[in-house]
Amino acid sequence: MSNPQQLRYSKEHEWLSAAEDGVSTIGITEHAANALGDVVFVQLPDVGTTVAAGESCGELESTKSVSDLYSPVSGEVTEINEDVVSDPSLVNTAPFEGGWLFRIRVTEEPQELLSADEYDAFTAG
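Residue numbers for the sequence shown follow our numbering, beginning at 9 and rising by one.
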């Protein structure tokens, strides 16, 4: 499994893109998608909602379980991926491309986000 080098990762298995005009994209990693199994339902935060780093802001339901979705950063949700809401399997088939979950105007970025290499080491242990 190869995690994109340009992204940062949380220990809760979310990824975060570099900000473009102050807005970053968030999704879950391939590692998390594989652990969940087939995702069948996605509940995302509403546009305009303020979310806090490390706090639950949605849910992913799979054939195996229901898992909380955590935001790796604090900020305001600017967009949700309607394609994932309509077709939750995108989380499994394209977690780093079409399976992204939401975009956020970042107000605070925690220091504990991992590089791709650090995340690889974290998930290998």
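Cβ atoms here follow ideal geometry from the backbone N, Cα and C, with glycine treated the same way.
Bridge-paired residues (DSSP) for residue i
i	result
residue 17	23 and 122
residue 58	84
residue 28	31
residue 50	68
Short CB-CB distance (under 7 Å) between residue i and chain C
i	result
residue 57	Note that chain C does not occur in the displayed structure, where there is just one protein chain.
Helix, strand or coil at residue i according to DSSP, with G and I counted as helix
i	result
residue 68	strand
residue 104	coil
residue 90	helix
residue 128	helix
Reference residue i, options the options, closest by Cα
i	options	result
residue 48	94, 103, 19 and 126	94
residue 67	110, 12, 126 and 19	110
residue 55	23, 65 and 86	86
residue 107	84, 46, 57 and 59	46
residue 98	60, 42, 14 and 62	42
Host beta strand (DSSP E) of residue i (start-end)
i	result
residue 76	74–78
residue 38	Taken as a continuous stretch (DSSP letters only), residue 38 belongs to no beta strand (DSSP E), being part of the alpha helix (DSSP H) at 38–44.
residue 116	110–116
contact_flag[the segment 63–77, the segment 113–120] where n(CB pairs < 8 Å) is 3 or more
no
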